[in-house]
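Chemist: Residue numbers (my numbering), protein chains in the order written: chain A, 1 to 113; chain B, 114 to 224. In this text, a Cβ means the ideal position worked out from N, Cα and C, and glycines have one as well.
Dropping the structure here:
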């Protein structure tokens, strides 16, 4: 049973470009979460999605950031017009139901130059 | 507001014990514990729910004091593989895994 798959593993973007991060949850998991981690810091919740629905996006910046989890295909976290402060590791996690353990992917390390 | 973890860092010799604390200013529904090794994904250790009892997993156990809004992670007879950063994540209600994580506790186990 494959775990949570994230790609790319590393992403380098210049300021002003767009970044697209992909996440395929574990088989049978319908709850997807995105977290951001700055170096030497804890994880910060960004957004919680179920298939075709954004359940809670209270941790996501209102501008430039968007997320989706379509009926078919992976969840996408999209960052438009990236700035240096967006450089971080972005982790996706999934769970089969609420209150069950989160299974994290290996993350996408975004570097904005 | 994120929970406060203590200590921030600890160094152990193999076989020694450690306690990591997680304290919140908010009423908690659940506390989750994860371990992350450098450059890797966080790995689940355990969940403690409001009204639940102390949980254990081999030589790692945890407790949850609802009244004090605190949780503690107990590592006994530590092994080299226990090295990593331990994070507690808290939820104020049962609406999903939208966790607020603490700043982490770095644990290093030496031979």
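Name, in chain order, the residues that DSSP records as bridge partners for residue 5 (chain A).
Modeler: Note: residue 5 (chain A) sits in a beta bridge opposite A:24.
Chemist: For the putative contact between residue 33 (chain A) and residue 44 (chain A), defined by C-beta atoms under 8 Å, what is the C-beta separation to the nearest angstrom?
Modeler: Between residue 44 (chain A) and residue 33 (chain A) the Cβ distance is about 11 Å, and since that is not below 8 Å, they are no contact.
Chemist: Between the alpha carbons of residue 155 (chain B) and residue 115 (chain B), how many angstroms are there, rounded?
Modeler: One C-alpha to the other measures close to 18 Å.
Chemist: Measuring CA to CA, which of B:204, B:120, B:126 and B:210 is closest to residue 140 (chain B)?
Modeler: It is B:204.
Chemist: I'd like the list of long-range same chain contacts for residue 12 (chain A), defined as Cβ closer than 6 Å, with 5 residues on each side in sequence excluded.
Modeler: Taken in chain order, the residues that qualify are 111.
Chemist: Would you call the CB atoms of residue 142 (chain B) and residue 206 (chain B) closer than 7 Å?
Modeler: Yes; because the gap between Cβ atoms is below 7 Å, this pair is in contact.
Chemist: By the three-class DSSP mapping on this structure, what secondary structure does residue 56 (chain A) have?
Modeler: Residue 56 (chain A) falls in the strand class under three-state DSSP.
Chemist: Residue 215 (chain B): which of B:129, B:147, B:128 and B:180 sits nearest, CA to CA?
Modeler: Residue B:147 is the option with its Cα nearest to residue 215 (chain B).
Chemist: Could you check whether the region 87–107 of chain A touches the region 176–186 of chain B, counting it as contact only if at least three pairs of C-beta atoms, one from each stretch, sit closer than 8 Å?
Modeler: Because the criterion of three Cβ pairs below 8 Å is not met, the region 87–107 of chain A and the region 176–186 of chain B do not touch.
Chemist: Name, going along the chain, the residues of the region 207–219 of chain B whose beta-carbon falls closer than 8 Å to a beta-carbon of chain A.
Modeler: Flagged, chain order: 207, 208, 209, 210, 211, 212, 213, 214, 215, 216 and 217.
Chemist: What is the residue span of the beta strand (DSSP E) that residue 220 (chain B) lies within?
Modeler: From DSSP, the beta strand (DSSP E) with residue 220 (chain B) extends over 218–223.
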